[in-house]
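Some notes on the structure that comes next.
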Amino acid sequence: MTIDIVEVKKPPGEIVSAMVDDQGRMCGFIHSFETGAAVDGPGMRFVAFVSGCQFKCLYCHNPDTWKLHNGKLWTVDDVVAEIGKYAAFLKMTGGVTISGGEPLMQAHFVGEIFYRVKKEFGLHTALDTQGFLAEHLEDSWFDNVDLVLLDIKQFNPERYERLTSKPLQPTLDFAHRLQRLGKKMWLRYVLVPGYSDDFDDVEGLADFVKSLGEIVERVEVLPFHKMGEHKWEELGLKYELTSVEPPSTELTERVREQFRARGLNTY
Numbered sequence: 061m062t063i064d065i066v067e068v069k070k071p072p073g074e075i076v077s078a079m080v081d082d083q084g085r086m087c088g089f090i091h092s093f094e095t096g097a098a099v100d101g102p103g104m105r106f107v108a109f110v111s112g113c114q115f116k117c118l119y120c121h122n123p124d125t126w127k128l129h130n131g132k133l134w135t136v137d138d139v140v141a142e143i144g145k146y147a148a149f150l151k152m153t154g155g156v157t158i159s160g161g162e163p164l165m166q167a168h169f170v171g172e173i174f175y176r177v178k179k180e181f182g183l184h185t186a187l188d189t190q191g192f193l194a195e196h197l198e199d200s201w202f203d204n205v206d207l208v209l210l211d212i213k214q215f216n217p218e219r220y221e222r223l224t225s226k227p228l229q230p231t232l233d234f235a236h237r238l239q240r241l242g243k244k245m246w247l248r249y250v251l252v253p254g255y256s257d258d259f260d261d262v263e264g265l266a267d268f269v270k271s272l273g274e275i276v277e278r279v280e281v282l283p284f285h286k287m288g289e290h291k292w293e294e295l296g297l298k299y300e301l302t303s304v305e306p307p308s309t310e311l312t313e314r315v316r317e318q319f320r321a322r323g324l325n326t327y
């Protein structure tokens with residue numbers, strides 16, 4: 061397949077231009093698919109993991125998704141056809157989630173998939189994102205997104221940048237935007253001992269999430285793990301968290317209780 065770059069509009073920030081193949085079909089890069097996923101939104105999900113991410117999170121378990129061209133080129137038509145194989149089941153039990161990488165790097169491609177999935181199958185849709193690039197998108201882009209799984213990785217700006225290599229504020233601004241739009245969200249918070257377990261930092265984040273009001277359906281505190289460490293080694297990258305152990309049950313429950321103390325539905 062050969063591709064051409066088409067400027068649907070001037071590509072903002074780090075969002076890539078729309079791409080079309082030699083037959084004029086919109087396409088993009090996908091790392092992998094997962095069917096029957098139970099942890100990426102409500103119910104059973106079909107998950108598309110797109111390639112490309114501008115973050116460099118220290119605990120990332122899929123660093124092989126960072127580079128856009130590490131994925132396989134798929135047309136929107138072919139992605140929708142793949143989802144269509146499971147559409148009847150998904151409509152009864154769950155829906156479609158697009159994750160990454162960072163989906164908003166390929167916003168034209170991802171937006172078209174959401175539009176088609178809604179129009180053709182009427183499926184529930186979820187976007188898993190850190191929201192950093194959302195400021196470059198119109199409100200209407202989110203019309204076909206039912207739920208946002210928002211990754212806020214730290215609430216202390218300096219520690220956030222240490223973890224991710226990027227500033228925190230765009231993500232917080234995006235959370236406020238979701239509040240304005242009335243868009244439902246789940247918070248995802250990866251608990252890394254020594255990096256995101258500080259009591260006061262968690263208190264600040266819990267207060268912030270509480271302030272977002274009824275749009276917050278759920279908080280997920282996800283214990284850090286090192287299952288992706290070997291991928292860093294295979295890519296010739298230094299994994300800085302080799303000596304960091306997963307959080308204890310006691311620490312994980314302490315952090316969850318900090319969110320629950322605000323009346324937040326926390327897991």
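So the sequence shown is numbered by this note's numbering: it starts at 61 and just counts up by one.
Using N, Cα and C, we set each Cβ at its ideal position, and we do this for glycine too.
Treat the numbers as computed from the prediction; the structure is a model and nothing was measured.
CA nearest to the CA of residue i, picked from the options
i, options, result
"R316", "F259, E274, G273", "F259"
"D349", "Q114, G155, Y119, I173", "For the chain, the structure presents residues 61 to 327; residue 349 sits outside this window and is missing."
"K291", "S77, H121, V99, L197", "H121"
"K243", "E310, L228, E277", "E277"
"S159", "V170, P307, T153", "V170"
"C87", "D199, A78, K178", "A78"
"G144", "F192, L228, K178, G254", "K178"
"C113", "M152, S92, T189", "T189"
"R176", "L228, A141, T153", "A141"
"I275", "F93, G288, F234, G296", "F234"
"N325", "T309, E280, D100, M287", "E280"
"D199", "V136, R222, H236, M287", "H236"
"E263", "R320, G131, T95", "R320"
"T153", "K213, Y327, R219, G101", "G101"
"G155", "V99, E289, G191", "V99"
"V136", "W201, R85, Y220, K213", "R85"
"N204", "G131, L241, L223, S225", "L241"
"D82", "G161, K286, T309, L133", "L133"
"L150", "E162, T95, F202", "T95"
Cβ neighbours of residue i in the same chain (closer than 8 angstroms, five flanking residues each side left out)
i, result
"E313", "none"
"L282", "R248, Y249, V250, L251"
"A97", "M104, R105, F106, V107, T157"
"G273", "Q239"
"K69", "In this prediction, K69 has a pLDDT of 44, which is less than 50 and means its spatial position is unreliable; what the coordinates show is noted afterwards. No residues qualify anywhere along the chain."
"L311", "L251, P253, D257"
"E221", "P227, L228"
Per DSSP, the bridge partner or partners of residue i
i, result
"G155", "R105, H184"
"P283", "L251"
"Y87", "Checking the sequence, you will find Cys at residue 87 rather than Tyr. Answer is M79, T135."
"E94", "V107"
"V276", "M245"
"T189", "L210"
"T302", "Partner(s): none; T302 has no beta bridge."
"T125", "Per DSSP, none; premise fails for T125."
Limits of the unbroken alpha helix (DSSP H) element including residue i
i, result
"V315", "309-320"
"S271", "259-271"
"K291", "289-294"
Segment limits, beta strand (DSSP E) that includes residue i
i, result
"L228", "Unbroken run through L228: none, as it is neither H nor E."
"D203", "Taken as a continuous stretch (DSSP letters only), D203 belongs to no beta strand (DSSP E), as it is neither H nor E."
Own chain, CB closer than 7 angstroms to residue i, minus 5 neighbours either side, in chain order
i, result
"I75", "L164, M165, A167, L193, H196"
"P307", "L251, P253, D257, P283, F284"
"L295", "P123, D124"
"M287", "H121"
"F202", "L241, K243"
"Y119", "V250, V252, F284, L301"
Cutoff 6 angstroms; reference residue i; Cβ partners in own chain excluding five residues on either side
i, result
"D341", "Residue 341 falls outside the range modelled here, since the chain spans only 61 to 327, and no answer is possible."
"L128", "F89, S111, G112"
"P71", "Unreliable placement is indicated for P71, whose pLDDT of 47 sits below 50; the coordinate value is still reported in the next sentence. The answer, listed in chain order, is S77."
"G131", "F89, I90, H91, S111"
"K116", "S225"
query: Below 8 angstroms, can you find three or more Cβ-Cβ pairs linking the segment 296-305 to the segment 261-273?
result: The answer is no - the segment 261-273 does not touch the segment 296-305, with fewer than three Cβ pairs under 8 angstroms.
- prompt: Using 8 angstroms as the threshold, is the segment 208-219 in touch with the segment 176-185, meaning 3 or more CB pairs across them?
  reply: No, they do not touch.
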